[in-house]
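These notes concern the structure reproduced below.
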Amino acid sequence: MHEVSIIENTIKIVQEKAEENNLKNVSKITIKIGQLSGVMPESLEFAFQGMSKGTIVEDAKLFIEKVDAKAMCDDCNITFEIDHFNKLCPNCNKFATNILSGYELYVSTIEGE
Amino acid sequence: MSEIKVVTNILQTNDEITAKNKKILDEKRIYVVNLMSSPGSGKTSILEKVIAKLKNEIKIAVIEGDIYTTKDAERIEAQGIPVVQINTGGACHLDGDMIKNSLDSLNLDNMDLLVIENVGNLVCPAEFEIGEDIKISVLSTTEGNDKPLKYPLMFEKSGVVILNKIDLLPFTNFNKEEFYKDIKSLNANAVTFETNCIKDEGIDEFCSWLKDKVVEKRK
Numbered sequence: 001m002h003e004v005s006i007i008e009n010t011i012k013i014v015q016e017k018a019e020e021n022n023l024k025n026v027s028k029i030t031i032k033i034g035q036l037s038g039v040m041p042e043s044l045e046f047a048f049q050g051m052s053k054g055t056i057v058e059d060a061k062l063f064i065e066k067v068d069a070k071a072m073c074d075d076c077n078i079t080f081e082i083d084h085f086n087k088l089c090p091n092c093n094k095f096a097t098n099i100l101s102g103y104e105l106y107v108s109t110i111e112g113e
Numbered sequence: 114m115s116e117i118k119v120v121t122n123i124l125q126t127n128d129e130i131t132a133k134n135k136k137i138l139d140e141k142r143i144y145v146v147n148l149m150s151s152p153g154s155g156k157t158s159i160l161e162k163v164i165a166k167l168k169n170e171i172k173i174a175v176i177e178g179d180i181y182t183t184k185d186a187e188r189i190e191a192q193g194i195p196v197v198q199i200n201t202g203g204a205c206h207l208d209g210d211m212i213k214n215s216l217d218s219l220n221l222d223n224m225d226l227l228v229i230e231n232v233g234n235l236v237c238p239a240e241f242e243i244g245e246d247i248k249i250s251v252l253s254t255t256e257g258n259d260k261p262l263k264y265p266l267m268f269e270k271s272g273v274v275i276l277n278k279i280d281l282l283p284f285t286n287f288n289k290e291e292f293y294k295d296i297k298s299l300n301a302n303a304v305t306f307e308t309n310c311i312k313d314e315g316i317d318e319f320c321s322w323l324k325d326k327v328v329e330k331r332k
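In the order they appear, the protein sequences are chains A and B. Take the first sequence: its position 94, counting from 1, is numbered 94 in my numbering, and each next residue is one higher. With positions in the second sequence counted from 1, the corresponding number in my numbering is that position plus 113.
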């Protein structure tokens with residue numbers, strides 16, 4: 001994946017939000033990543049360490065929260081966990097097309113003062 | 114110290130540009146294909162066959178993504194249809210901004226089908242929306258039937274999967290049964306075709322499917 005450009009965009013988003021809220025430094029950034037998004041948390045950490053230097057997020061701790069992949073069976077009206085290789089409804093065995101979560105890739109919250 | 118809610122998509126810049134591209138293409142009722150595969154699986158060969166077969170029936174244009182060369186664009190240009198070359202200069206996929214610039218140099222009023230041939234790569238192109246109606250991925254028999262499970266995202270997101278170089282099947286250990294089982298587990302609704310560009314096998318079937326989609330969007 002594009003961990004470096006993801007971190008580049010993340011820092012940009014955080015900088016804008018920090019300015020908006022008059023923060024002088026950011027101590028914590030939480031980003032959410034879906035299980036199916038194909039993004040590697042370890043590479044994000046590595047990219048963050050390198051790219052945060054000299055920016056407002058230099059001392060911030062990066063928290064990466066994984067989001068489980070879930071789908072809904074529109075026939076049975078139930079929600080269940082899926083992965084790349086299994087998207088079948090546990091009740092009727094039908095392939096689920098209504099994917100509720102798993103492709104997330106967003107900055108969730110920041111903290112600072 | 115207070116927590117500030119951000120909730121901003123990290124790829125929002127690409128998503129915003131892509132949404133604009135999509136709006137323009139939808140207004141012109143152009144059917145857009147994002148054609149993806151590993152290098153050498155036969156994207157350009159299939160495209161050449163499709164163009165030769167359909168260019169007198171529908172108006173086709175092509176955007177060619179390539180890291181450095183214009184080799185593929187030259188092959189498409191030889192077919193006598195509009196083609197724009199994008200050289201990504203090292204980047205492994207196309208994004209919304211590159212497509213936006215290409216659209217500026219195409220006549221969208223004279224187009225039914227736009228095929229965007231992505232950079233040959235089974236990983237990154239699948240992660241970036243570029244304003245397409247459908248993602249089509251190509252796998253060739255010589256690559257091995259294990260690739261869909263090894264690179265799930267691309268096959269999961271593709272509405273069509275083409276198995277190319279079907280003529281070479283006897284010379285490989287490609288297991289078609291496993292291939293179809295894996296495609297089904299990733300994406301049960303994918304439409305599949307088998308092609309061989311040397312002897313034009315399966316090209317008619319794929320062209321007929323594609324033409325129906327183009328006509329549907331023109332309505």
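We put the beta carbon where it would ideally sit given N, CA and C, even for glycine. Bear in mind that the values here come from a model prediction, so they are computed numbers and not experimental data.
Validate contact between the region 57–77 of chain A and the region 144–159 of chain B using beta carbons, cut 8 Å, 3 pairs: no
Below 8 Å, can you find three or more Cβ-Cβ pairs linking the region 104–112 of chain A to the region 15–30 of chain A? yes
Shorter than 7 Å from the beta carbon of T55/A to some beta carbon of chain B? By 1-based counting over the first sequence, the position of residue 55/A is 55. Not closer than 7 Å to any Cβ of chain B, the Cβ of T55/A fails to qualify, so no.
Inter-stretch contact (C-beta, 8 Å, three-pair minimum) for the region 153–165 of chain B and the region 223–232 of chain B: yes
Where M211/B falls: helix, strand or coil (DSSP): Position 98 of the second sequence, counting from 1, holds the residue named residue 211/B. Note: M211/B maps to helix in three-state DSSP.
Proximal chain B residues relative to K17/A, where beta-carbon distance stays under 8 Å: In the first sequence, the residue the question calls residue 17/A occupies position 17. Ordered by position in chain B, the residues that pass the 8 Å Cβ test against K17/A are I117, V119, T121.
Residues that S108/A contacts on chain B, provided the C-beta gap is smaller than 7 Å: Walking along the first sequence from the start, residue 108/A turns up at place 108. Correct list: V119, V120.
Would Y181/B be called buried (16 or more neighbouring beta carbons within 10 Å of its own) or exposed? By 1-based counting over the second sequence, the position of residue 181/B is 68. Exposed, because fewer than 16 other Cβ atoms sit within 10 Å of the Cβ of Y181/B.
Short of 8 Å in beta carbon distance, which residues of its chain neighbour Q15/A, apart from the five on each side in sequence? Order them along the chain. Along the first sequence, one-based indexing puts residue 15/A at 15. The residues are T55, I56, V57.
Tell whether a beta-carbon distance below 7 Å holds between T254/B and F306/B. The residue you call residue 254/B lines up with position 141 of the second sequence. The residue you call residue 306/B lines up with position 193 of the second sequence. No, these two residues do not count as a Cβ contact at 7 Å.
Quick check on A333/B - is its C-beta less than 7 Å from some C-beta in chain A? Since the displayed chain B opens at 114 and closes at 332, residue 333/B lies outside it and no answer follows.
With distance defined between alpha-carbon atoms, name the residue in K166/B, V120/B, I137/B nearest to G315/B. Position 202 of the second sequence, counted from the first residue, corresponds to residue 315/B. It is K166/B.
Closer than 8 Å by beta-carbon distance: list the chain A residues that pair up with P265/B, in chain order. If you number the second sequence from 1, residue 265/B lands on position 152. H84, F85, listed in chain order.
State the CB to CB distance for the pair S151/B and E318/B, rounded to an integer number of angstroms; the pair is presumed to be in contact (CB under 8 Å). Residue 151/B sits at position 38 when you count from the first residue of the second sequence. Residue 318/B sits at position 205 when you count from the first residue of the second sequence. Rounded, the Cβ-Cβ distance is 23 Å, inconsistent with contact.
Three-state class that DSSP yields for S298/B in the structure shown: Residue 298/B sits at position 185 when you count from the first residue of the second sequence. S298/B: helix per DSSP, three-state reduction.
Could you say if the region 126–138 of chain B and the region 176–193 of chain B meet the contact criterion of at least three C-beta pairs nearer than 8 Å? no
Tell me whether the beta-carbon of T121/B lies closer than 7 Å to the beta-carbon of Y106/A. Counting from one through the second sequence, the residue named residue 121/B turns up at place 8. Counting from one through the first sequence, the residue named residue 106/A turns up at place 106. Yes, Cβ-Cβ distance for T121/B and Y106/A is below 7 Å.
I7/A and F48/A - do their beta-carbons sit closer together than 7 Å? The sequence position of residue 48/A within the first sequence is 48, counting from 1. The sequence position of residue 7/A within the first sequence is 7, counting from 1. Yes, these two residues count as a Cβ contact at 7 Å.
What would DSSP say about L167/B, mapped onto helix, strand or coil? Start at 1 with the first residue of the second sequence, and residue 167/B comes out as number 54. In the structure shown, L167/B sits in a helix (DSSP, three-state: H, G or I).
Rounded C-beta distance between A60/A and K28/A? I'm assuming under 8 Å. Numbered from 1 along the first sequence, position 60 holds the residue referred to as residue 60/A. Numbered from 1 along the first sequence, position 28 holds the residue referred to as residue 28/A. Right, the Cβ-Cβ distance comes to about 6 Å (below 8 Å), so this counts as a contact.
Let me see if you follow: with CB-CB separation under 7 Å, is E111/A close to chain B or not? What you label residue 111/A is simply residue 111 of the first sequence in a count that begins at 1. Judged by the 7 Å Cβ criterion, E111/A is in contact with chain B.
Distance between S5/A and C205/B (C-alpha atoms, nearest Å): Taking the second sequence and counting its residues from 1, the one referred to as residue 205/B is at position 92. Taking the first sequence and counting its residues from 1, the one referred to as residue 5/A is at position 5. Going by the C-alpha atoms only, they are around 13 Å apart.
Cβ closer than 7 Å: which chain A residues qualify as neighbours of S298/B? Sequence index remark: in the second sequence, residue 298/B carries index 185 (1-based). Correct list: F85, N86.
Return no unless some Cβ of chain B is closer than 7 Å to the Cβ of E78/A. Reading the first sequence from its first residue, position 78 is the one you call residue 78/A. Correcting the residue type first, residue 78/A is Ile in the shown sequence and not Glu. It does not; no Cβ of chain B falls within 7 Å.
Beta strand (DSSP E) runs contained entirely in the region 218–282 of chain B, provided each spans 3 or more residues: 226–230, 247–253, 273–277
The region 292–304 of chain B in contact with the region 257–277 of chain B per 3-pair CB rule at 8 Å: yes
For a quick check, are the C-beta atoms of N134/B and I212/B less than 7 Å apart? Taking the first residue of the second sequence as position 1, residue 134/B is located at position 21. Taking the first residue of the second sequence as position 1, residue 212/B is located at position 99. Contact: yes.
Mind checking whether F241/B and D208/B have CB atoms under 7 Å apart? Taking the first residue of the second sequence as position 1, residue 241/B is located at position 128. Taking the first residue of the second sequence as position 1, residue 208/B is located at position 95. Their beta carbons are under 7 Å apart, which means F241/B touches D208/B by this criterion.
For P261/B and F284/B, believed in contact at Cβ under 8 Å, the rounded distance: Start at 1 with the first residue of the second sequence, and residue 284/B comes out as number 171. Start at 1 with the first residue of the second sequence, and residue 261/B comes out as number 148. At roughly 21 Å, the Cβ-Cβ gap does not stay under 8 Å, so F284/B and P261/B are not in contact.
Check I180/B in the structure and name its three-state DSSP category. Here residue 180/B corresponds to residue number 67 of the second sequence, with the count starting at 1. Coil at I180/B, not helix or strand.
At 9 Å on the CB atoms, spell out the chain B contacts of G50/A, in chain order. The residue given as residue 50/A occupies position 50 in the first sequence. Going along chain B, no residue has its Cβ under 9 Å from G50/A, so there is no contact; the nearest lies around 17 Å.
Can you list, in chain order, the residues of its chain with a C-beta nearer than 6 Å to that of N220/B? Leave out the 5 residues immediately preceding and following it. Here residue 220/B is taken as the residue at index 107 of the second sequence, counted from 1. Closer than 6 Å at Cβ, skipping near neighbours: no residue.
What are the start and end residues of the alpha helix (DSSP H) that includes G46/A? On the first sequence, residue 46/A is found 46 positions in, with the first residue counted as 1. Before going on, a small fix: residue 46/A reads as Phe here, not Gly. Segment 41–51, the alpha helix (DSSP H) holding F46/A.
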